[in-house]
Amino acid sequence: ARREKLSGARDYGGQAYTSARLSTRGKASWTYGFFDVRAKLPCGVGQWPAIWLLGGWHWPQQGEIDIMEAVGFEPTTVYGTVHPPHTVEDKVHQGGHAEVADLCRAFHDYQAEWTADRITFLVDNRPYYAYDKPANADARNWPFDQPEYLILNIAIGGAIGAQDGLGDAALPARMQVDYVRVYQKAP
């Protein structure tokens, strides 16, 4: 992520910052599995790194699984969250968090185990939150039975990232990724 205006870019909309995103959209998607991303996060003011799964073109109907989100104003906290349609429509938070003392200084494993009945979030193989498939499961509270693709990105600002304002002192910022692994059970 950098402070720069790329006025010649086709998607330029007047923004003062650029940032990176890697996506498997159109290349790979998964239904269930163990997702393991080893990364070292940036933690500057206004930064919002994330590792997440998205179900397709129609958010939130197809669901979102945030394997890891962090924000610069909480430099020792990571979040794992699910976004089925009802959480967006009803403004309900469905997630948990873990404290990681050296979040910005060391590599950690950000993980999610997604099965037909539960999504468990982990840091360094330690579970910290699980979302169970409701007994009355339907498309509003459990859209997590179809493929989702993976995204790794650093956002600057945004609804969550800019709660502490924007700061240029920590820029350029970098999320370093050692590996991305996806494990699935054989059919």
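Residues in the sequence shown are numbered consecutively from 2, following the working numbering.
Virtual Cβ for every residue (Gly too), placed ideally from N, Cα, C.
Here the structure is a predicted model, which is why all the values come from computation and not from measurement.
Opposing strand residues paired with residue i [DSSP bridges]
i: Ser-24; result: Ile-152
i: Asp-67; result: Trp-53 and Thr-82
i: Lys-41; result: Gln-177
i: Arg-119; result: Asp-133
i: Glu-100; result: Thr-78
i: Ala-113; result: Phe-36 and Phe-122
Closest Cα partner of residue i within the set the options
i: Ala-156; options: Arg-26, Trp-53 and Phe-36; result: Trp-53
i: Pro-135; options: Phe-122, Ala-117, Arg-22 and Trp-49; result: Ala-117
i: Ala-71; options: Asp-179, Leu-55, His-59 and Ala-99; result: Ala-99
i: Arg-106; options: Cys-44, Arg-22 and Gly-57; result: Cys-44
i: Leu-42; options: Val-183, Arg-127, Trp-115 and Tyr-80; result: Tyr-80
i: Asn-142; options: Trp-49, Ala-102 and Ile-66; result: Ile-66
i: Ala-102; options: Pro-188, Leu-7, Val-124 and Ala-17; result: Val-124
i: Arg-3; options: Ala-187, Thr-121 and Gly-158; result: Gly-158
i: Ile-68; options: Trp-60, Glu-75 and Ala-51; result: Ala-51
i: Ser-1; options: Ala-174, Phe-36, Val-93 and Tyr-129; result: The structure shown does not extend to residue 1, since the chain is modelled only from 2 through 188, so no value can be given for it.
i: Gln-177; options: Glu-5, Val-38, Gly-9 and Gly-14; result: Val-38
i: Leu-153; options: Tyr-13, Gln-95 and Ser-24; result: Ser-24
i: Ala-17; options: Asp-169, Pro-188 and Ala-187; result: Asp-169
i: Asn-126; options: Glu-90, His-109 and Gln-62; result: His-109
Residue i (DSSP reduced to helix, strand or coil)
i: Val-72; result: coil
i: His-59; result: coil
i: His-87; result: helix
i: Phe-108; result: coil
i: Trp-143; result: coil
i: His-94; result: coil
i: Pro-188; result: coil
i: Tyr-18; result: strand
i: Arg-182; result: strand
i: Arg-11; result: coil
CB contact check: residue i to chain B, cutoff 7 Å
i: Ser-8; result: The chain inventory of the structure shown lacks chain B, comprising one protein chain alone.
Given 8 Å as the limit, is there contact between the stretch 27–38 and the stretch 168–184, that is, 3 or more CB pairs closer than that? Yes: the two stretches touch, three or more of their Cβ pairs being nearer than 8 Å.
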